[in-house]
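Quick notes on the structure that follows.
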Amino acid sequence: HKIGTGGTSGVGYLTKATTIRLFPELWAVRTEL
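Residues in the sequence shown are numbered from 13 upward in steps of one, following the numbering used here.
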């Protein structure tokens with residue numbers, strides 16, 4: 013994983029990480045689906 017390549021993917025990663033941290037239950041449900 014290279015940080016800084018394809019800014020969009022970097023932002024998406026941060027968004028996903030934040031979502032998992034803020035909504036662990038919701039993320040668990042989405043993963044099961």
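Ideal Cβ placement from N, Cα and C applies to all residues, glycine included.
I need the DSSP call for residue i, collapsed to helix, strand or coil.
i   : result
L34 : helix
L45 : coil
Excluding sequence positions up to five away, which residues of its chain have a Cβ less than 7 Å from the Cβ of residue i?
i   : result
T43 : none
Take residue i and list the residues in its own chain whose beta-carbon comes closer than 6 Å to its own, dropping the five residues that flank it on each side.
i   : result
G24 : none
Hey, would you say the C-beta of residue i is under 7 Å away from at least one heavy atom of the ligand GDP?
i   : result
E37 : The ligand GDP is absent from the structure shown, which contains no ligand whatsoever.
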